[in-house]
Amino acid sequence: MHSTDNLTSTPTVMHNPAANLAPVLSLNNVEVIYDHVSLAIKGVSIEVPQGGMVALLGANGAGKSTTLKSISGLLRPERGLVTRGEVRFIGHNIDALAPHERVKLGIVHVLEGRRVFEHMTPDENLIAASAVRGGREDMLRNKDMVYTYFPRLHQRRTAQSGYLSGGEQQMLAIGRALMTQPKLLMLDEPSLGLAPFLVTEIFDIVRRINKEEGLSVLLVEQNAIAALDVVSHGYLIENGRVVMHDNAEAMKKNPDIQEFYLGGAEGHNFHDIKHYRRRKRWLT
Amino acid sequence: MDFSLFAELAINGALSGLMYSLVALGIVLIYKSSSVPNLAQGAMTMLGAYVVLAIANGLGLSMWAAIPLAMATMFFVGMGIERVALRRLAGRPIIMILMMTLGLDIFIRATTMAIWGGTGRPMSIGISDDPLFLGPVLLNRAYVVGALVAGALFLVLMFFFHTRRGIVLRAISDDYIASWSIGISVERGVAFSWAMSSVIATTAGVLWGSVQGVNQGLALLLLKGLTVAVLGGLDSIGGAILAGLLLGLLEGVASGYLDPLVGGGSRDLVVAATLILTILIRPHGLFGRHDIERI
Amino acid sequence: MLFRQSGIFHTSYADARALFPLPADRWMIGLLLAFALTAPFTMSSLALSTHLLPWLVWTAAALGLNLILGWAGQFHFGYAAIMGIGAYTAVHGARNGIPWEIAVVLGGVMAAIIGSVFAFAALRVKGLYLALSTLALQYVMDWVIAHVPAISGGSQATLQAPAMRLLGQAVTSDSGLYYVALGWCLLVTVFMLNLRRTALGRALVAVREKDFAAAIIGVHSLYYKLLAFATSSFIGGISGAILIFTFYRAATPEQFAVNVSIELLAMVIVGGLGSIIGSYFGAAFILLMPGLMNSLIGWLAQLAGASLGVETLAHIPHAVYGALIIVFLLVEPMGLGKMYTNLRNYLLVWPFGYARK
Amino acid sequence: MHGDKQTGVPVLECRGLERRFGGLVALTGVNLRIERAEIFGLVGPNGSGKTTMTNAITGFFPPQVGSISLNGRDITGMAPHKVATLGVARTFQNLALFNGMSVLDNILLGRHIHMKAGVAKTALYWWLSRKDEMLHRLKVEEIIDFLQLQSVRDELVDSIPIGLKKRVELARALVAEPSFLILDEPMAGMNQEEKEYMARFILDARDERHVTVLLIEHHMDVITGICDRMMVLSYGETIGTGIPSAVMKDERVIKAYLGGAHATH
Amino acid sequence: QPIKFALCYDLSKSYGFVTPQIAQAVNDYAKILNQKGGIEGHPIEILVQDQGNEPQRGIECYEKMKREGAITFDFLSTPVSRAVLPRAMADSNVMVQSFVGRGDAIDGDVFKWIFPVGPTYWGQMANDIHYIKTKANGNLKGVKIAFLYPDYPFGQEPIGVLKTLAAKEGFDLQLIPNPMPGNDQSAAWTQIRRINPDWVVSWNLASMHVVAAREMKRNGIPIDKYIAVNWLNEVDIANIGAESAKGLKRGTNVIGGQSHPLIQQIIKDLYEKGKGSGDRKHLSDIYYNTGLAMYASVFEGARLAIKQNGWPITPDKMKRGMESLKNFDAEGLIAPVTVTAKDHGGGGKTRIDMWDGTKWVPQTDWFSAYDDVIQEIVKKESSEFAKNKQ
Ligand SMILES: Nc1ncnc2c1ncn2[C@@H]1O[C@H](COP(=O)(O)OP(=O)(O)OP(=O)(O)O)[C@@H](O)[C@H]1O
Ligand SMILES: Nc1ncnc2c1ncn2[C@@H]1O[C@H](COP(=O)(O)OP(=O)(O)OP(=O)(O)O)[C@@H](O)[C@H]1O
Ligand SMILES: [Mg+2]
Ligand SMILES: [Mg+2]
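Protein chains in written order, with the numbering used here: chain A, 1 to 284; chain B, 1001 to 1295; chain C, 2001 to 2357; chain D, 3001 to 3265; chain E, 4001 to 4390.
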């Protein structure tokens, strides 16, 4: 089944809008297998330019989270393994590194579904995340930074995180990630279950962080509308393969993207949708 | 009824209860920082005591030189345990980890016995046995010392779990994966907690050893320690102390007044009753944390 | 391919839900059964009456505990006490002239009642905290047996079990007792196997996994937890009774002390949670390993001519035994049962490396 | 738009619901009336009390004030498993499938209220259970076809992707043949296409099985697309009810929930 | 064609404080005899196996040894003995349990196959009381005796005897149970201090004695009021502290020290030549002597068995051999015993030793008291057993 690698490593569109910038992160032909049996992603190649903002789109089970985990090293606890290819971060190969070492290097992964430390207060959540580097004063400074980005968290800082509402938890998860002073911020479906205005709010903040702190962002999203608004360019993953790669504008215009991710034309009607098997037009 | 008798039973009971808290604290420490209920704490206590003796007799050192050395040794033993036995199980269902600690318990006990043999040995840390009266009430010096140590440990741990490192440990117990994702070395954290707990075990071993002599019996402290720990709430330092106090007090008074009536051994009944009642009134022990379930 | 899957098509849902959908499995079970039935003629009386027989009864008990631990997901630190309750009730019953079968069932019922009462105290609780109430059960039970001569059988706390009479005639021969144990163990096994494919089993797992989700599909989690406790206690009680009648022949407190409860836990977990075949393995491991180790170590020591003191010689097997538990958990945390399954799955796809399900 | 379907018979009626958690008021003074065979949308910012609302109805966190009646019968404070037997089914916001079980068994569990589980029926499977196990199996297969889950029937639920999990949960709810179905964010984390599938299933459930649906969603296009009526919560209070097209234009709703940026969409 | 003796001991758990020394002694003894050509020309083989104080494994061991042709079985653990006893009786196998186990087992009519040669706990307790009586110059009226015991069968064993004697002699008996594992006795001693007894008879084991001694000091109770059961050895003395233990008394079944010719010979022929079966320091342990004493009578019984009824030795012959022990005192190691088909105890003489700070000093000669009382209780209990067996 590896014969398809050459195919997948040549996405439909070759030109890379951010090629001129040195990539802070690059995946070459990464393949991941869970439990030694189930093949999750096959030969995925991705680049995130310095200070750039990249989106990773794809259907359920396409392998987006797996891709992120292969970067942050969080496959191990799930008995997943990078069996081929390599992950390079600012120059060096990080495949051998343990998760916390990668965070030290500057990669941080905001997990799907928030995963805040439920029994601790938001404040303690942030402190815990500051342990990886820097002294006490760094910690305090970063906390202020986070609280300025998320004033809402400051109000709730002494509550028990487990009882925060979905949005607040998402903010906490992002703030917690920022505490590690990362170079690369990876967000896995940050808009999951958030109210529309919160989605826009959070994406704005992420964009601001990206500008002001100058850190690169790799964004996994189902909400393609919101995602493609903020990123410079995006990748599309299907069945564990990169099947499309282009800048945001071009992607928005792509008819398939429109049909399957953006929801086609305005005001189209769910009642008219008939059951149909989807056509895998990408690979043909 | 004779008040001084009551007072004496109650006070000495409470003090001995705090001695049990010493074992409980070790269990709580590990649970609070990795959600592992350690059934090997008793065995570790025993091992700690034997190591102290081995160092003291082997190197011909005084107790006060041997104890710190033993603590250092046990510190690394604890780390070793994590490295060998628990690291591979990180994130597994709790019950397997529970079983692992049970295996450790069997292994440590048997190995210790195989090396040093079952004949009891004395452990004197210079606590005099002369009577110590507080008014009409006679106090047990050894227990007083033990209680003081327990109190000190309580303060230290309380402080520790509010330092950054302590918060990190709590984070680990809350969610391994999330901890990894923000750069916490879960392995190191858990190893550290085991190391600390081994040191506490040594302390308990020394104190109990000085009370009952060093022998297999030390390993049996597990059941009491576990009972106290769970009663207090597995992740609550304060709980471990209070539960120890409470249980000890009840036991002391009970065995003083009930035993003659029911023909002995009423302690276990009291313990059982206390357990059931606590669970009915406070399902998570006295101060244990509730698991948050967002439906 | 020993366990051939391909080419076997189930034409009805019933087939697909058969106990052993694969012919290969059915063959193996058949062989094992044949062996079990002929054991009295093929095995030495030592192996039969001091290894095979207790192993079967303990397995039955382990399966009962597995119902609580593996299916309902509740810790139980007092299962030995449960067995004890059953045993003492049954023996007293039989001594007072109640027919053996009824006495044994009575034992089961009594165990079920008391077991559920203690469980009930703790059903709002999860995990270790529940374990506490079962520990309490153990304490109370130990105390009662130690302090109520009427129950424990006089000042010597030994309760002689009358010879057991099955359907009127006395069963005394090794093989007779063995068949009784075998029969009981098979009964429990079949029950557990059925649990896998009936509403009850599913409901229990549901409660274990997510009780609130279970509630919204109409599963009354409290009721099912209680039912689980009652059923498992019933099995435990009868196993305890049968253990006394077929093996110990006299009931003494130590036979059901807390360390026995711990050993039962070990049987289930080393064997594998919720794994039936695992309980067989687990019981065998925990029960026979110390003995084997003893002989093995002793033999090795003789070989090496090492003049180890009797004491050291006695402790080494325990150390090895503990080490083995550790190693097993490291190699396969899901227990011996899972190891077997892995092997089987390997054979399923053999000779191919791996198949994508 | 589906006025014709509205029979005017109330399936669910909530009056003046209030639910507090400690100091925090999660829900207060909420009235809700859902009629037979309508799809009712419930939206609101995070933490506004939507899930609390469903928990109040299904009996997990009964309201401290107010009453709930289902098909004219008062179910205030009734235990969840009882509510379920009255024909209420729901899915959960953060998936609540039974891990370690196959998809098939998960869905079979949905039939629980129609089955009799017992020790005897287990012990004497062949005589007491086998037949109706098979009957229920037929129902399950029907749903599996309906939701196109054949491919994963025998997989462990743990290992299938989230989108499918949500679908399995829907199947588990539908197989109970409920009269009233609560869906808590069934489309969270789905792309457009998958949303369309899900929307399709919900509509079919209503049209073919005449299920009344309470749908919580943050995807406004779906709400506007398939809901007959909707309600907006904010800080536990109702700030708007009615036909989606109308509600969506309400100032307060836009301000509290949609946000300026979204007005364009 | 060796003679096999089975020792299924708890070497690893509760009884680990005594079994190693005993097993070692038995092995040494066997070696010595074998050097002299064994018993009546038949070499001795000692089969030792650990049963971890678990009935299950005790039975397993018994069954195994049975098939290996062991002629006697020895478990030295209350729980396991109790569990195996019915089997041994059913199989008609000789089960030796000198100094341990149920007191009524000396009734040879009921316990045909059980041989508790030497004093039982009941006899020992009776003798202790008698000693106290002599100290109270012949009158126990009003004398306060506290009985401190670990609250499980071993500890509860002598209570029946005590109560009977209390009724008979009119002394004031106070029962002070202490829960296992007995490492915390503060409550018990608080009470004892208030009772302020004239004597404290203690059925503690091993390290429990140490805890008790400490508590006595704390509570200002002079240690010479303490009369221990025979399970208190030099190790415990060392743990208490040779000085602090001064005046402590013990009911004793066998003489201590190494003066006994047999031990001298063992030292000379084995340990000097490095052929000992274990750690030499154990030889200074009373439990070592206890081991020798136990098997002196067993080996003698075997000798008589072969001598009277010839080889091959069978359980039945062994039984009759044991039952023909007459005034046997193992060259002064134990009080002379005479075992008969009715009385498997053989006298039940003990003596009281006192620790003088350096060594044990006999306070009395070998003696046994209240034999009639004991006999009564034995009859009562054993008949109950016989009844229960149905
Ligand atoms: N722990 C695991 N064990 C086995 N298979 C897994 C595991 N995690 C994911 N998979 C499989 O790997 C594939 C990719 O999963 P992944 O979670 O990366 O998809 P995704 O793109 O993140 O989907 P979603 O949008 O639902 O998050 C899926 O087919 C999934 O079934
Ligand atoms: N079990 C609970 N204990 C304490 N507070 C709770 C509990 N459940 C919910 N809350 C609080 O009640 C409020 C409403 O929560 P709810 O889950 O109903 O909001 P929601 O509308 O479902 O939000 P979302 O859209 O994120 O799901 C929140 O502030 C939440 O913190
Ligand atoms: Mg994902
Ligand atoms: Mg919600």
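Heads up, the beta-carbon is just placed ideally off N, CA and C, and yes, glycines get one too.
Since the structure is predicted, the reported quantities are computational estimates derived from the model, not experimental observations.
- Setting aside the 5 residues that flank it on each side, L1207 (chain B) is surrounded in the same chain by G1146, each with a C-beta closer than 6 Å to its C-beta; the list follows chain order.
- DSSP assignment within the segment 2027 to 2076 of chain C yields the following whole alpha helix (DSSP H) runs of 4 residues or more, N-terminal first: 2053 to 2066.
- Per DSSP, N2194 (chain C) lies in no beta strand (DSSP E); the unbroken alpha helix (DSSP H) holding it starts and ends at D2174 to L2195.
- In the structure shown, E1293 (chain B) falls within a coil segment according to DSSP collapsed to helix, strand and coil.
- Per DSSP, W4199 (chain E) is one residue of the beta strand (DSSP E) stretching across W4199 to S4202.
- When the Cα atoms are used, A1007 (chain B) and A1272 (chain B) turn out to be separated by approximately 23 Å.
- Spatial neighbours of V3083 (chain D) in its own chain (CB-CB distance under 8 Å, excluding positions within 5 residues in sequence) are listed in chain order as I3057, T3058, G3059, L3070 and I3075.
- Boundaries of the beta strand (DSSP E) harbouring F3040 (chain D): I3039 to V3043, taken from the DSSP string.
- In the three-state reduction of the DSSP assignment, D4224 (chain E) falls in the helix class.
- Non-local C-beta neighbours of S2049 (chain C) in its own chain, meaning closer than 6 Å and more than five positions away in sequence, comprise D2174, ordered along the chain.
- Taking C-beta atoms as the reference points, V4080 (chain E) and G4103 (chain E) fail to come closer than 8 Å.
- Closer than 7 Å to some heavy atom of ligand 4: that describes the Cβ of K3050 (chain D).
- Proximity of chain E to T2050 (chain C) at the Cβ level (cut-off 8 Å) is accounted for by I4059, E4060, E4063 and K4064, in chain order.
- For V3232 (chain D), the enclosing beta strand (DSSP E) covers residues R3229 to S3234.
- When the alpha-carbon of A3171 (chain D) is set against those of D:I3107, D:S3234 and D:L3128, the nearest one is in D:I3107.
- If the five residues before and after Q4174 (chain E) are omitted, its C-beta is found closer than 6 Å to the C-beta atoms of A4146 and I4195, all from its own chain and listed in chain order.
- If you check the C-beta of Q169 (chain A) against ligand 4, you find no heavy atom less than 7 Å away.
- With a cutoff of 8 Å on beta-carbon distance, V116 (chain A) and S161 (chain A) are scored as near each other.
- Residue-level contact by beta carbon fails for G2176 (chain C) and chain B, as no gap is shorter than 8 Å.
- Judged by their CB atoms, A2087 (chain C) and L2243 (chain C) are nearer to each other than the 8 Å cut-off.
- Counting the other CB atoms within 10 Å of its CB gives Q4375 (chain E) a total below 16, which places it among the exposed residues.
- With respect to the 8 Å criterion, G4301 (chain E) and M4322 (chain E) are classified as neighbours on the basis of their beta carbons.
- According to the DSSP assignment, S3067 (chain D) belongs to the beta strand (DSSP E) that extends over V3065 to L3070.
- Between the alpha carbons of P151 (chain A) and G3049 (chain D) lies a gap of roughly 22 Å.
- Relative to ligand 3, the beta carbon of S65 (chain A) is positioned inside 7 Å of a heavy atom.
- Around the Cβ of L1261 (chain B), a 10 Å sphere holds fewer than 16 other Cβ atoms; the residue is exposed.
- Taken through DSSP and simplified to helix, strand or coil, V3011 (chain D) comes out as strand.
- If you ignore the 5 residues before and after V132 (chain A), its C-beta comes within less than 8 Å of the C-beta of H100, V103, K104 and T180, all in its own chain and listed in chain order.
- For W4113 (chain E), the secondary structure class from DSSP, reduced to helix, strand or coil, is coil.
- DSSP places Q4001 (chain E) in no alpha helix (DSSP H); its state is neither H nor E.
- Identification of residues in the segment 2091 to 2116 of chain C having a C-beta nearer than 9 Å to some C-beta of chain E yields R2095, given in sequence order.
- In the DSSP assignment, V1206 (chain B) is bridged to no other residue.
- Taking C-beta separations shorter than 7 Å and ignoring five residues to either side along the sequence, the partners of S2116 (chain C) in its chain run L2226, F2229, A2230 and S2233, following chain order.
- Nearest C-alpha to L3164 (chain D) among D:S3245, D:L3109, D:L3181 and D:M3187: D:M3187.
- Distance from the C-beta of E112 (chain A) to the nearest heavy atom of ligand 3 is below 7 Å.
- Taking a cut-off of 8 Å for Cβ pairs, the segment 4210 to 4222 of chain E and the segment 4182 to 4199 of chain E touch, as three or more such pairs fall below it.
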